[in-house]
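If you're matching them up, the sequences are chains Z and R in order.
Under the numbering used here, the first residue of the first sequence is numbered 334, with each subsequent residue one higher.
Under the numbering used here, the first residue of the second sequence is numbered 13, with each subsequent residue one higher.
The structure appears right after this line, and notes come after that.
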Amino acid sequence: MSTRRLIVEPRGLASTRLKLLVPVASVIAALIVAGIFLLLTGESPVEVYAKMLDASFGSQRGIAETMISATPLILTGVAAAIAFKMQVWNIGGEGQFLMGAIFSAGIAIWLGDGFPATVMIPAVVIAGGLGGAFWAAVSAIPRVYLGTNEIITTLMLNFIAINFVNFLIFGSSSPWRDSAVATFPTGRPIPDAARLPEFFFRLDVGIFIAIVLAIIAWYLMGKTRWGFAVRVAGDSTDTARYAGISVPRKILGVFLLSGAFAGFAGGLFVSGPVGALDPRSLILNLGFTGIIVAALARLNLIAIIPVAVLMGALNNSGPALQSIGVPTATVSMLQGAILLFAVAGEFLIENRIRRPESVTVAANPEPETA
Amino acid sequence: MNDSQLVLTLVAAIGLGTPLIFATVGEIITERSGILNLGVQGMMLIGAVSGFWATFTTGSLLLGVIVAVIAGAALSWLHAFTSVTLRVNQIVSGLALAIFGTGLASFLGRAGSNPLVGNPSRKVFEPLITGGIAEWPVVGPLIFGHDILVYLSIIVAGVASYYLFHTRMGLSLRAVGEDPASAESAGVNVSRVRYIHVMVGGALAGAGGAYFSLALTPTWQDDPIGAAGWIAIALVILASWRPWRAVFAAYLFGAAERVQFTLQTLGDPWSNIPSTLLAMLPFILAIIAMIVLTSGKRARLLGAPAALAIPYFREQR
């Protein structure tokens, strides 16, 4: 390294300004990269981005749709963030989201008509959380008790859940499938009492439930004894063990909580805008996008809310792009680039880069402090 | 006899397994260097679209494969940069690669005034031998009836196996994946070894992607590879980080994928099994393999690189 021109060393604490600057720069850098591809294929990036902005924020209806898209992303973002904080690599948000959707549509259909909204809505939200936690448990239990790496199992469970949703609607005559529609299989509409009330165009109260749940997660992780123990265990399992913290139980708890949040997202999406277990309206990579939200928010549970709105806006602008002949995939290309720059940007937050002139004592930098 | 369902299924399993061999052997080589790259799906799709594009514009299958290999390697360079040079989280970086590659491939297939989407490939990989020994009962279609990439994939697995376990460079590679600090003190350039093998992995994933767009489903569509890139990541474990085993694991998964079509042809009661349930099979197999084979200390005994997914800080030796 000594022959290189620049010196890289761990930074103790990054300033708040830097922590804000890096995510903003990630988004700008991604816009530039996607812009280059747009230029290469004969599109005007300025025109495309203006169209996206207009579709997502240019009208009241657009804003409502953006918030609808943001609602599940807040929760899948929280799901990823609380797991990643504890070094639990739950990348199964997609499957947990879908299992939540299956559970909440299931309980709504099973309860049927005859219950008031005050019973139905809590039932669908809680069922969604249970569904997500159940699907997370399939990975969490082997991880905690057998030491099975969760990255692969959570990943594979996504595809099992996707196929299971398709099975319930396209492959069987399950109670989730609408028996009244014979021509093309669709999900059975859930009872009206289980639907979240809309208040601004199609925007329903799910957005408030999501924000409240995110704040509860922030409080739980940041302000309670349990959250403190989890953070200690996440930083160093040895320290936690010395402090008498049961690391396996903390891992299990965080894993299930993470799954529950992804499941809440599925539940709110079913009882909000979708209203049925409809594969085409539910399999939208909302679980995977939650990982982008969490990374760009740098695992900060409050920052996740505005970041989810940004990602929701991007998702929401896809159809508008199609109308001007630009591929919808521009959105996922942009989101992938944002994630790539956001994760690369962590380097700048954790390290200081300087010129070698000032080398005096720092030949052997101190080990990184947590 | 060659038209029997068993022979047809086995032949199809070899075809469907071929892209998985390329991608899985590539990921094995990458992981052996201690780097986990979850972006296989993205690299395969970039390989698929760029290979299709190159063949579409030049009419040359060879150029198609070469371009796919270069494109896959180029995308994987991003992962090498973030995980080796910047030493940030490999899991998130790999996922970013998967999402970016998927979006970019779909974008490139649809962008422009004359998009690729919906177009059939100008040339398609055809069986090397037709007639003669390829008509022999059972062994004909099973062994002699394939295109050149099927044979190449087996050669790649053989070469990778020899390289890993019988050459000095392979030894250095494994040392870097096991204990980078010791490898470094023995004079191995850890960063260079990791860069090279991440990019070899990307190149092979690119080739696997091209096999889809130039042989298996040679009409460009948004998502021509299904979940192959994700399955390849699971296959690495099933193959316990050994290239030869990857060949058999890939064919097994190829067969599992093909079984849904076979059952349709068998009539009652087999054709009543919903294809959506059968589509889960590879993923269920992967989870069971994961739990049975790699739980606890067994992963190490099996051959999992000790330093997998752990960033290497030179100064913290």
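Ideal placement from N, C-alpha and C gives every residue a C-beta, glycine not left out.
Model, not experiment: these values are computed from the prediction.
Which residues DSSP lists as bridging residue i, in chain order
i	result
Thr231(R)	Pro132(R)
Val341(Z)	Ile686(Z)
Asp537(Z)	Glu531(Z)
Arg122(R)	Paired residue(s): none; Arg122(R) is not in a bridge.
Glu520(Z)	Before going on, a small fix: residue 520(Z) reads as Gly here, not Glu. Partner(s): Arg510(Z).
For residue j and residue i, believed in contact at Cβ under 8 Å, the rounded distance
i	j	result
Gly46(R)	Ala319(R)	4 Å
Ser133(R)	Phe177(R)	Not really, about 37 Å apart at Cβ, beyond 8 Å.
Asn684(Z)	Pro356(Z)	17 Å between Cβ atoms; not a contact.
Pro255(R)	Ser173(R)	4 Å
Arg186(R)	Arg99(R)	Not a contact, Cβ separation roughly 21 Å.
Gly592(Z)	Gly465(Z)	4 Å
Thr30(R)	Val162(R)	5 Å
Leu406(Z)	Gly645(Z)	6 Å
Ser252(R)	Leu305(R)	7 Å
Trp232(R)	Gly115(R)	Actually they do not touch by this definition, with Cβ atoms about 16 Å apart.
Thr519(Z)	Ile502(Z)	7 Å
Leu349(R)	Gly54(R)	The structure shown does not extend to residue 349(R), since chain R is modelled only from 13 to 329, so the question has no answer here.
Val381(Z)	Leu585(Z)	Going by Cβ atoms, the distance from Val381(Z) to Leu585(Z) rounds to 45 Å, so no, they are not a contact pair.
Val136(R)	Pro230(R)	5 Å
Glu376(Z)	Val659(Z)	6 Å
Asp674(Z)	Ser389(Z)	Residue identity differs from the one stated: residue 674(Z) is Phe in this sequence, not Asp. Rounded, the Cβ-Cβ distance is 20 Å, inconsistent with contact.
Host alpha helix (DSSP H) of residue i (start-end)
i	result
Glu190(R)	180–190
Pro387(Z)	Here residue 387(Z) turns out to be Asp, not Pro, going by the sequence shown. It spans 378–390 - the alpha helix (DSSP H) in which Asp387(Z) sits, taken as one unbroken run.
Tyr207(R)	202–223
Pro31(R)	17–44
Tyr263(R)	255–278
Gly199(R)	Gly199(R) -> no alpha helix (DSSP H), and no H or E assigned at all.
Gln53(R)	52–70
Met644(Z)	637–656
Pro149(R)	Element bounds for Pro149(R): n/a, residue is neither H nor E.
Met302(R)	293–306
Arg99(R)	Where Arg99(R) is concerned, there is no enclosing alpha helix (DSSP H), given that its DSSP letter is neither H nor E.
Phe156(R)	Taken as a continuous stretch (DSSP letters only), Phe156(R) belongs to no alpha helix (DSSP H), as it is neither H nor E.
Phe370(Z)	349–373
Thr288(R)	287–290
Ala83(R)	73–92
Ile47(R)	Run containing Ile47(R): none; DSSP gives neither H nor E here.
Trp242(R)	240–250
Any non-hydrogen atom of the ligand FAD closer than 7 Å to residue i Cβ
i	result
Thr42(R)	Here there are no bound small molecules, and the ligand FAD is not part of this structure.
Run through the segment 541–624 of chain Z for me and flag every whole alpha helix (DSSP H) of 4 or more residues, listed as ranges in chain order. 558–568, 570–575, 580–602, 612–615
Quick one: any contact between the segment 72–83 of chain R and the segment 212–224 of chain R, if contact means 3 or more CB pairs under 8 Å? yes
With a cut-off of 8 Å, do at least 3 Cβ pairs link the segment 270–287 of chain R to the segment 471–483 of chain Z? no
In chain order, what are the residue ranges of uninterrupted beta strand (DSSP E) at least 3 long that sit wholly in the segment 659–685 of chain Z? none
Answer yes if the segment 628–639 of chain Z comes into contact with the segment 480–492 of chain Z, meaning at least three C-beta pairs across the two stretches below 8 Å, and no otherwise. no
Which parts of the segment 418–502 of chain Z are runs of the alpha helix (DSSP H), unbroken and 4 residues or longer, counting only runs that do not cross its ends? 426–444, 450–479, 483–499
Between the segment 577–585 of chain Z and the segment 391–410 of chain Z, can you find at least three pairs of beta-carbon atoms closer than 8 Å? no
So, do the segment 660–672 of chain Z and the segment 101–115 of chain R have three or more beta carbon pairs nearer to each other than 8 Å? yes
Counting beta carbon pairs with one atom in the segment 629–647 of chain Z and one in the segment 609–620 of chain Z, are three or more of them shorter than 8 Å? no
Segment contact flag, the segment 235–250 of chain R with the segment 17–37 of chain R, C-beta cutoff 8 Å, min 3 pairs: yes
Using a Cβ distance threshold of 8 Å, determine whether the segment 596–609 of chain Z contacts the segment 455–471 of chain Z, with at least three qualifying pairs required. yes
Is the segment 80–91 of chain R in contact with the segment 188–195 of chain R, if contact means three or more CB pairs nearer than 8 Å? no
Would you call the segment 436–455 of chain Z in contact with the segment 554–565 of chain Z, where contact means no fewer than 3 C-beta pairs closer than 8 Å? no
Would you be able to state if there are at least three C-beta pairs under 8 Å between the segment 256–269 of chain R and the segment 113–120 of chain R? no
Touching by the beta-carbon criterion (3+ pairs, under 8 Å), the segment 536–543 of chain Z and the segment 561–570 of chain Z: no
The segment 444–462 of chain Z in contact with the segment 515–525 of chain Z per 3-pair CB rule at 8 Å: yes
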